Amino acid sequence: MMQWNSSKDGTRKPAVNREVNIQNQILNFVRKDRALITIFLVSGKKFVGQVMGFDRYTIHIRGRDYDQIVFKHAITNVSVPRHIMHKMQGTEGEGDESLEGDLPTESEGLGPGPEDEES
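Numbering (numbering that gives the first Met the number 0), first residue to last: 0 to 118.
In structure tokens:
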């Protein structure tokens with residue numbers, strides 16, 4: 000249901016949702032940074048490329064030999080390199096030490112990373 004705000008002149012305008020979700024923050028950051036990301040689909044297919052743009056329902060990704068529009072409902076996860084996440088948070092190179100000890104190793108069940116997956 001759309002919400003409306005009344006202005007001083009008596010006109011009504013749609014209320015603007017000021018909430019920025021984490022999905023949009025990350026997609027916008029990797030788009031501006033031209034970072035390579037990996038998108039995994041429910042079908043098992045994966046795409047590696049740069050985010051060229053996105054909207055509510057789709058992500059435009061540019062790979063080496065293709066441009067692809069991916070529907071968000073078909074995505075299981077998006078893998079962003081850790082250094083990009085640190086850059087986004089303004090903590091480049093900081094804080095990994097405290098987290099590293101808590102993360103399981105691959106042999107403990109973390110599983111392969113995107114670079115280890117077969118196409």
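Ideal Cβ placement from N, Cα and C applies to all residues, glycine included.
From a predicted model like this one, the values you see are computed outputs, not experimental measurements.
- Under the 8 Å Cβ criterion, the stretch 60 to 80 counts as touching the stretch 38 to 51, having at least three qualifying pairs.
- Bounds of any beta strand (DSSP E) do not take in LYS7, whose DSSP letter is neither H nor E.
- If you look at ASP66, you'll find it in the beta strand (DSSP E) that goes 66 to 70.
- The DSSP-derived three-state label of ARG55 is coil.
- Rounded to whole angstroms, the separation of the alpha carbons of GLY52 and ASN27 is 8 Å.
- The three-state secondary structure of LYS31, taken from DSSP, is helix.
- For LYS86, the three-state secondary structure derived from DSSP is helix.
- Check the Cα spacing between HIS72 and each of TYR56, ARG81 and VAL79: the tightest is with TYR56.
- The criterion of a C-beta distance shorter than 8 Å is satisfied by ILE83 and ASP32.
- Cβ atoms of ILE21 and SER78 stay farther apart than 8 Å, at about 15 Å.
- With respect to the 8 Å criterion, VAL50 and ARG30 are classified as neighbours on the basis of their beta carbons.
- Distance between ASP64 and ASP8, taken at the CA atoms: about 53 Å.
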